[in-house]
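Asks: Please read through the structure below; I'll follow up with questions.
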Amino acid sequence: MTDRNLLMIPGPIEFEPEVLRAMSIKTASHVAPNFIETFGNCLDMIQKIWQAPTGQAFIVAGSGTLAMDMAAANITEQGDKVLVLSTGYFGKRYKDIFDRYGAKTTIIETPIGETIDLNTIENELKKGIYKIISITHVDTSTGVLTDAKNIAAIANKYNVLSVLDGVCSVAAEEIAQEEWGIDVVLTASQKAIGVPPGLALLVASEKAINVWKNRTTPVQNYYADFANWLPIMKAYQERRPSYFGTPAVNLINALEVSLKQILAEGLQNRFARHKNLATLFRTELKKLGFKYVPTKDKHTANTLSAVYYPTHVNGNDFRKKLAKNNIIVAGGLLPEIKEQYFRVGHMGAVTENDIVAVINAIKKSI
Ligand code: PMP
Numbered sequence: 389m390t391d392r393n394l395l396m397i398p399g400p401i402e403f404e405p406e407v408l409r410a411m412s413i414k415t416a417s418h419v420a421p422n423f424i425e426t427f428g429n430c431l432d433m434i435q436k437i438w439q440a441p442t443g444q445a446f447i448v449a450g451s452g453t454l455a456m457d458m459a460a461a462n463i464t465e466q467g468d469k470v471l472v473l474s475t476g477y478f479g480k481r482y483k484d485i486f487d488r489y490g491a492k493t494t495i496i497e498t499p500i501g502e503t504i505d506l507n508t509i510e511n512e513l514k515k516g517i518y519k520i521i522s523i524t525h526v527d528t529s530t531g532v533l534t535d536a537k538n539i540a541a542i543a544n545k546y547n548v549l550s551v552l553d554g555v556c557s558v559a560a561e562e563i564a565q566e567e568w569g570i571d572v573v574l575t576a577s578q579k580a581i582g583v584p585p586g587l588a589l590l591v592a593s594e595k596a597i598n599v600w601k602n603r604t605t606p607v608q609n610y611y612a613d614f615a616n617w618l619p620i621m622k623a624y625q626e627r628r629p630s631y632f633g634t635p636a637v638n639l640i641n642a643l644e645v646s647l648k649q650i651l652a653e654g655l656q657n658r659f660a661r662h663k664n665l666a667t668l669f670r671t672e673l674k675k676l677g678f679k680y681v682p683t684k685d686k687h688t689a690n691t692l693s694a695v696y697y698p699t700h701v702n703g704n705d706f707r708k709k710l711a712k713n714n715i716i717v718a719g720g721l722l723p724e725i726k727e728q729y730f731r732v733g734h735m736g737a738v739t740e741n742d743i744v745a746v747i748n749a750i751k752k753s754i
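Here the sequence shown is numbered in the numbering used here, starting from 389 and rising by one per residue.
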């Protein structure tokens, strides 16, 4: 029998068959006219999905961490002050990345499951010392959704560059990059973008590109340097051949299919579908007595659920039982509570049937 498992982890997710099929088309030259068209189409569609018509899109082979690295490497110079907002594991990762490029970072952390108070952020930015603020939109370790829109508004008030780690949010949680004034929005292919792992995607505002252009020191990362990639992205968008590093041709074929599907669904419909399915799942789990890691519904992600095991349940046994019922979920990630909770991804191609299947399997496993 074919594999009937449902992969319900927060990335990689279940992919649409049409996307997977696109990966198996014969690999073209990266300068073949058809592939140039595909790459250019992807860049155009990324601008639409990010809602950043004047932003510069980048598609580079690598994972989400490369996208984080690329954003930080290009806009940070030694001694720059960076305010890192952290609601979990990936917020802390961003601090490590900025530290690596010589930034002087300050991290605002929250108690587990809480979100960051806007006044705390404003009081810090008011000091007028920061060049950059980083925000994790959905921290995949806690399932906390951060108020990116209002944080970006505060960042703009104090003229601070904002970087949004949208690895677990882009194309599922609402983001309007240009309207909200976010300078870099980044993600990876394997989550709500709906393409197997291997592509780092980001859009940089004109302001972010200018900050990079006006650097007085070289970018401390050769592969991630905008100087290498910007001419390539411009060429593909103008449908001209170019080369710096070989693009992941087959993944980009798949990306074109998936981005078209996202736009065909419509962004608002897609955001609403994720919200409705997340709410359905949460309502049912709460009826069963489960407690969520995020402390309030209003800052709970729609892309994944981070849920404590009931006290009588052994986590490993529970996940094994779920797997026997064909549902694959993820264990905990945040070291402090790793053994106490599990995570269910519900993004991208997810349907109500999938949610019902997970709920039924959970009922059989507790
Ligand atoms: N940021 C967030 C919010 C993530 O969820 C992840 C991956 N789970 C990453 C960054 C890192 O992405 P990758 O694993 O693709 O390097």
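Ideal placement from N, C-alpha and C gives every residue a C-beta, glycine not left out.
Quick one: residues in its chain with C-beta nearer than 8 Å to the C-beta of K751, no 5 flanking neighbours on either side, listed in chain order?
Replies: Within the sequence shown, the letter at position 363 stands for residue 751. Here the set comprises L676.
Asks: Just to confirm before moving on: does the CB-CB distance between I743 and K579 stay below 8 Å?
Replies: Numbered from 1 along the sequence shown, position 355 holds the residue referred to as residue 743. Numbered from 1 along the sequence shown, position 191 holds the residue referred to as residue 579. Contact flag unset, no.
Asks: How would you write the range of the beta strand (DSSP E) that L574 sits in, first residue to last?
Replies: As a position in the sequence shown, residue 574 is number 186, starting the count at 1. 572-576 is the span of the beta strand (DSSP E), which, as asked, contains L574.
Asks: Mapping the DSSP letters down to three states, classify S753 as helix, strand or coil.
Replies: Looking up residue 753 in the sequence shown gives position 365. The answer is helix: DSSP assigns S753 an H, G or I state.
Asks: Check for me: the beta strand (DSSP E) holding L473 runs from which residue to which?
Replies: Start at 1 with the first residue of the sequence shown, and residue 473 comes out as number 85. Here the beta strand (DSSP E) through L473 covers 469-474.
Asks: Mind checking which residues open and close the beta strand (DSSP E) that includes F446?
Replies: Residue 446 sits at position 58 when you count from the first residue of the sequence shown. Here the beta strand (DSSP E) through F446 covers 444-449.
Asks: Please enumerate, following chain order, all residues with a beta carbon closer than 5 Å to at least one heavy atom belonging to the ligand PMP.
Replies: Taken from the N-terminal end onward, the list reads S451, G452, T453, F478, T528, D553, V555, C556, A576.
Asks: Nearest to P421 by CA position, among D535, I496, Y624, is which residue?
Replies: Counted from its first residue, the sequence shown places residue 421 at position 33. P421 has its Cα closest to that of Y624, out of D535, I496, Y624.
Asks: Have a look at S522, K436, T530, N429 and flag the residue whose alpha-carbon is nearest the alpha-carbon of P499.
Replies: As a first step, residue 499 is located in the sequence shown; it is residue number 111 there, counting from the start. Among S522, K436, T530, N429, the Cα nearest to that of P499 belongs to T530.
Asks: So, with DSSP's three-state summary, where would you put S550?
Replies: Start at 1 with the first residue of the sequence shown, and residue 550 comes out as number 162. In this structure, S550 counts as strand in the three-state DSSP scheme.
Asks: Starting from Y482, trace the beta strand (DSSP E) both ways and give me its first and last residue.
Replies: Translated into positions along the sequence shown, residue 482 becomes position 94. No beta strand (DSSP E) contains Y482, which is instead part of the alpha helix (DSSP H) from 477-488.
Asks: How long is the line joining the alpha carbons of Y518 and V470, rounded to whole angstroms?
Replies: The residue you call residue 518 lines up with position 130 of the sequence shown. The residue you call residue 470 lines up with position 82 of the sequence shown. Approximately 6 Å between the Cα atoms of the pair.
Asks: Going by C-alpha to C-alpha distance, which of A694, L643, P698 sits closest to G736?
Replies: Reading the sequence shown from its first residue, position 348 is the one you call residue 736. For the residues A694, L643, P698, the minimum Cα distance to G736 belongs to L643.
Asks: At the level of alpha carbons, what is the spacing between V419 and M621?
Replies: The residue labelled residue 419 in the question sits at position 31 within the sequence shown. The residue labelled residue 621 in the question sits at position 233 within the sequence shown. For V419 and M621, the distance between alpha carbons rounds to 13 Å.
Asks: In terms of residues, what are the limits of the alpha helix (DSSP H) holding G452?
Replies: Here the question's residue 452 lines up with position 64 in the sequence shown. Start and end: 452-463.
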